[in-house]
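Input: a single structure, listed below in structure tokens.
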Amino acid sequence: MLTPADDAFRDKLARDLPPATFREATEGYLQEPRGRYRSAGGLLLAPATTEEVSTIVRAGAAQRVGIVPYGGGTGLVGGQVLTDGPAPVILSLERMSEIRQVYPSENILIAEAGAILAHVQEAARDADRLFPLSLASEGSARIGGLLSTNAGGTGVLRYGNARDLCLGLEAVLPDGSIWQGLKRLRKDNTGYDLRNLMIGAEGTLGIITAAALRLHPHPAGIGAAMLAVPSPQAALDLLALANDRMGGGISAFELMHRQGFDFLTEALPDIRQPFDTPPDWTVLIEIGLPAGLGPDSALEGLFETAAESGLATDGVIARSEAQRKAFWQVRESIPAANRHIGAVSSHDISVPLSAIPDFIARAPREIAKIGQFRINCFGHVGDGNLHWNVFPMPGRRREDHEDQRNAIKRAVHDLVDALDGSVSAEHGVGRLKVDDLERYGDPAKLAAMRAIKTALDPHGIMNPGAVLAQV
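The structure is reproduced here in structure tokens:
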């Protein structure tokens with residue numbers, strides 16, 4: 009049974025922590041971006057060191073006070089907001105934002121968990137290196153949260169998820185002990201891999217305080233193109249063709265439906281779009297090639313072959329860095345336009361690549377059994393991850409369909425499960441998908457997860473109610 013972070017608990021911590029640690033829990037800490045989850049409040053603490061994190065967690069373990077880690081607040085599944093139960097500690101990592109060290113010759117950067125992703129990218133650039141994790145919220149998302157959710161983004165096809173970009177961790181475990189796992193090793197077979205256990209655990213097994221991140225050399229030549237394709241199957245065939253021609257040179261391969269461009273026109277008309285009349289399906293492809301290979305000529309050759317094969321009907325190749333960034337602005341503005349319109353139900357799913365056309369064809373038919381809706385499908389088709397979001401028809405609001413939301417989510421997730429996919433591709437489980445994990449998760453895996461949680465966090469203080477249902 010958990011107890012609240014009350015005045016007595018605060019007073020006890022005040023004897024061990026500097027005054028700057030204590031902050032007011034303003035609105036930004038109490039609500040997640042989609043407005044689905046809101047916290048009743050809690051004791052907001054912003055430690056400046058790993059030792060201060062340890063002090064807080066040790067006190068929470070002793071007093072059975074829940075601790076909710078808070079990074080940049082950009083999570084989309086409610087993992088950063090405790091909606092019920094005794095008031096917790098909201099533990100913000102925002103003051104732990106230092107880039108501790110960069111090792112260019114080793115392609116490694118050491119960053120504290122509160123470092124903002126864009127700042128990590130900048131530190132890597134200053135060392136003539138690339139940190140390739142990239143997503144729309146990179147100006148506010150923090151490294152600890154990105155690792156805790158095993159974030160994906162646009163570069164997964166080439167560089168992998170956040171898990172693949174991390175070599176070592178420093179973390180505070182649920183009893184307050186500090187795990188000094190901040191190693192810069194690519195090979196370390198000394199027993200269980202706690203690093204991979206902590207990554208993706210969403211703060212339920214401890215608090216990441218720093219990470220050794222993997223850097224990459226900058227590709228010598230970068231190119232991008234927007235290509236109109238006749239269908240999702242054509243997009244997959246185009247991806248296979250591009251892989252055959254360029255191998256590991258493809259950095260991103262994004263699929264966008266016309267509905268996303270229509271939402272941009274409605275919500276963000278200042279965003280310049282690549283086509284006067286948006287096609288039904290568009291692919292954004294970015295490549296990065298070694299010295300001596302021209303990305304523009306490679307993309308021109310790809311388009312010519314794709315057009316001859318019926319895989320592309322139109323295309324625009326970026327002729328400058330500004331135009332390449334403009335292409336990405338279109339793609340990365342789609343979520344903002346979605347928020348303006350207001351989704352009834354949003355889905356972050358993945359299916360095997362060959363199942364993508366089947367899912368895209370069948371899912372609207374399932375939703376049509378529930379009602380009339382607009383669907384915006386976009387995402388990282390190169391790694392099988394789609395954002396398949398359901399919106400009200402013009403003139404209606406998402407609130408008008410609140411009673412249908414669960415049925416929509418169930419229909420989509422049932423289909424994903426039938427196609428051997430995942431109902432959480434890159435956003436995590438949080439609190440939004442706890443019931444989905446119970447419904448679709450493998451029983452043996454769930455039993456092992458509960459056993460691990462009980463062993464490491466016997467009092468259930470770490471992000472209670474996230475990922476696994478409280479018992």
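Just so you know, we're using our numbering here: the sequence shown kicks off at 9 and counts up by one. Beta carbons are placed, not taken as given, at the ideal position from N, Cα and C, and that holds for glycine. Every value quoted in this text rests on a predicted model; they were computed, and no experiment measured them.
Helix, strand or coil for residue i, going by three-state DSSP, please let me know.
i	result
residue 113	helix
residue 352	coil
residue 261	strand
residue 26	coil
residue 228	coil
residue 84	coil
residue 305	helix
residue 127	helix
residue 322	strand
residue 384	strand
residue 316	helix
residue 368	helix
residue 39	strand
Output the boundary residues of the beta strand (DSSP E) element that contains residue i.
i	result
residue 465	Neither: residue 465 is in no beta strand (DSSP E) and is coded neither H nor E.
residue 217	215–222
residue 416	Where residue 416 is concerned, there is no enclosing beta strand (DSSP E), although the alpha helix (DSSP H) it sits in stretches over 413–426.
residue 76	75–78
residue 95	Note, residue 95: premise wrong, no beta strand (DSSP E); not H, not E.
residue 395	393–399
Residue i: which of the options sits nearest, CA to CA?
i	options	result
residue 396	409, 265, 444	265
residue 25	53, 296, 91	53
residue 31	55, 425, 9	55
residue 307	380, 113, 326	326
residue 230	255, 201, 302	302
residue 126	313, 139, 271, 334	139
residue 389	281, 439, 473, 259	259
residue 403	274, 228, 210	274
residue 90	219, 227, 76, 103	76
residue 133	107, 201, 156	107
residue 407	249, 23, 27, 350	350
Give me, in chain order, the residues of the same chain whose beta-carbon lies closer than 8 Å to that of residue i; leave out the 5 immediate sequence neighbours on both sides.
i	result
residue 321	236, 237, 238, 287, 315
residue 94	10, 11, 12, 13, 73, 74
residue 437	85, 87, 210, 444, 445, 474, 475
residue 49	33, 38, 95
Taking 7 Å as the limit between beta carbons, can you name the residues of its chain near residue i, skipping five residues before and five after?
i	result
residue 378	412, 415, 416, 419
residue 371	396, 420, 423
residue 267	382, 383, 384
residue 115	137, 222, 223, 224
residue 234	282, 290, 292, 323, 324, 335
residue 184	62, 65, 66, 69
For the alpha helix (DSSP H) that residue i lies in, which residues bound it at each end?
i	result
residue 252	240–254
residue 206	202–206
So, for residue i: in the same chain, excluding its five sequence neighbours on each side, which residues have a beta-carbon less than 6 Å away from its beta-carbon?
i	result
residue 82	145, 148, 149
residue 477	442
residue 143	161
residue 191	176
residue 169	158, 160
Can you say whether residue i is buried or exposed, counting buried as having 16 or more other CB atoms within 10 angstroms of its CB?
i	result
residue 193	exposed
residue 88	buried
residue 401	exposed
residue 158	buried
residue 495	No answer is possible for residue 495: it lies beyond the span of the chain, which begins at 9 and ends at 479.
residue 409	buried
residue 393	buried
residue 456	exposed
residue 189	buried
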